[in-house]
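Taking it in order: structure first as structure tokens, then the write-up.
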């Protein structure tokens, strides 16, 4: 009876290890989940005066079948009725599992080869930092990486973030997110 219990404990531990090893996780050395964004990630415009720098992001390898990645930053609290897209990057090669700080600048020079920045709700093809209206409760900024079953998202260059997001979600194998906040 004792050996059967030990066997069950061993099987349970091995199963738990496999599940844990298969997790898809997004982290950032610059932003801690639940923390307030810093001046680096605040927009420079619309009444805000931040550095407008995209944070460094790192993720674990996606599940089997991952052919590319996409990264989004979304504010569901923006007073628009539809939220606000702050960053959309897609066609990130499957061999890449991180973006450096500042990779979201308008030149795209720090992005991996082949990666494309979609048009954000600021109307730009670059990272647009936090800039909620003064007096609003702090807004949530959801950073998400998607593992995709396709190598390339084929949409027109000036597509909306909503269209790109639809294509990302239609081809997603798995996603990992964390949320940070900012208010003024």
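In the working numbering, the protein residues as written are -2 to 181. Cβ coordinates follow ideal geometry from the N, Cα and C atoms, glycine included. All of these numbers come straight from a predicted model, not from anything done at the bench.
Kindly indicate which residue of the options has the alpha-carbon position closest to the one of residue i.
i           : options           : result
residue 87  : 60, 143, 75, 62   : 143
residue 37  : 146, 122, 100     : 100
residue 175 : 62, 45, 71, 58    : 71
residue 171 : 39, 65, 28        : 65
residue 160 : 28, 30, 82        : 82
residue 69  : 164, 181, 41, 180 : 164
residue 102 : 166, 179, 31, 40  : 40
residue 107 : 134, 124, 91      : 124
residue 146 : 104, 91, 77, 121  : 91
residue 47  : 157, 150, 129     : 129
residue 20  : 131, 61, 127      : 61
Taking only three categories from DSSP, how would you classify residue i?
i           : result
residue 166 : helix
residue 54  : strand
residue 178 : strand
residue 139 : strand
residue 202 : Given a span of -2 to 181 for the chain in the structure shown, any question on residue 202 remains unanswerable.
residue 149 : coil
residue 27  : coil
residue 134 : coil
residue 127 : strand
residue 154 : coil
How would you call residue i, buried or exposed, if buried means at least 16 neighbouring beta carbons within 10 angstroms?
i           : result
residue 49  : buried
residue 117 : buried
residue 25  : buried
residue 22  : exposed
residue 115 : buried
residue 112 : buried
residue 154 : exposed
residue 141 : buried
residue 58  : exposed
From the DSSP output, read off the bridge partner residues of residue i.
i          : result
residue 42 : 45
residue 33 : 178
residue 61 : Its beta-bridge partners do not exist; DSSP assigns none.
Identify every run of the beta strand (DSSP E) within the stretch 63 to 123, keeping only runs that are complete inside it and at least 3 residues long; order them along the chain. 65 to 72, 81 to 90
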